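Under this note's numbering, think of the first position of the sequence shown as 7, with each following residue one higher. Here a beta-carbon is modelled for each residue, glycine too, at the ideal position from N, C-alpha and C. Model, not experiment: these values are computed from the prediction.
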Amino acid sequence: MKSRLLSSSLVTSLAAFLWVGVGAVSTSAQPPSPPAAPKRISAAVPPAWTPSTVELKEGERVEFVIQSGSHGVVIQNWTAAKEFLEVEFAAQPPTFPEPAAATSANAMLRLRMKKAPAQPVSVDFICTVHGNGMKGKLNLNAAAPKK
Ligand SMILES: [Cu+2]
């Protein structure tokens with residue numbers, strides 16, 4: 007990751023950046039496959055994420071949706087997580103470096119795992135409304151060994 011300067015400009019350029027990224031990301035090693043439906047994490051009352059842990063592989067997506075109640079989602083330590091995750095959709099613009107998409111809209115946030123880490127990484131998230139009382143985790147699978 008480059009610098010703070012880059013982070014601050016991400017707020018305004020995020021949308022454009024993402025669309026460029028979606029179109030431009032392809033390597034000679036892997037042909038692009040059609041995107042599968044995103045995995046789904048529901049927020050409900052009493053405050054909980056269901057499921058609270060989701061595994062992602064490179065290219066997979068996860069969507070945070072409100073089932074009942076009022077919730078938001080904050081990806082913790084986004085500065086590190088954004089090396090592997092990108093925001094595909096946010097009901098409200100994320101605030102970098104710690105993105106928060108708090109809204110009463112049904113779909114809050116959709117992330118795509120754009121890159122696999124060399125070692126498994128786990129990314130914690132909490133609710134903007136219920137804080138540490140409503141925690142969850144994304145487990146990012148490590149890249150498959152090169153052949
Ligand atoms: Cu909540």
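Chain B within 9 Å of residue i, Cβ atoms only
i	result
Glu-92	In the displayed structure, chain B is absent; only one protein chain is listed.
Those residues which DSSP pairs with residue i across a bridge
i	result
Lys-143	Thr-59 and Asp-130
His-136	Partner(s): none; His-136 has no beta bridge.
Glu-92	Arg-118
Ala-50	Ala-54
Ala-113	Val-71
Lys-45	Val-68
8 Å contact criterion, which residue i and residue j should meet: CB distance rounded
i	j	result
Met-114	Leu-146	In fact, because the Cβ distance is near 20 Å, the residues do not count as touching under 8 Å.
Asn-112	Val-51	Not confirmed; about 15 Å, so no contact.
Chain-order list of residues whose beta-carbon lies under 6 Å from that of residue i (same chain, five-residue window excluded)
i	result
Glu-64	Met-119 and Ala-122
His-77	Ala-49, Cys-133 and Val-135
Glu-66	Met-119
Ala-42	none
Proximity below 9 Å, CB of residue i to CB of residue j
i	j	result
Ile-47	Val-80	no
Val-129	Ala-96	no
Ala-116	Glu-94	Reading off the sequence, residue 116 comes out as Arg, not Ala. Going by C-beta atoms, Arg-116 is nearer than 9 Å to Glu-94.
Val-127	Ala-148	yes
Gly-139	Pro-44	no
Cβ neighbours of residue i in the same chain (closer than 7 Å, five flanking residues each side left out)
i	result
Gly-142	Ile-47, Trp-55, Ser-58, Thr-59 and Phe-131
Val-31	Caution applies to Val-31, whose pLDDT of 45 falls short of 50 and renders its modelled position unreliable; the model cannot decide the point.
Glu-61	Asn-145 and Asn-147
8 Å Cβ shell around residue i - same chain, five flanking residues per side excluded
i	result
Gln-125	Ala-148
Gln-82	Glu-104, Val-129, Asp-130, Phe-131 and Ile-132
For this session: Can you list the residues near ligand 1, meaning Cβ strictly closer than 5 Å to any non-hydrogen atom, in the order they appear in the chain?
Result: Shown in chain order are the residues whose CB sits closer than 5 Å to a heavy atom of ligand 1: Pro-53, His-77, Cys-133, Val-135, His-136 and Met-140.
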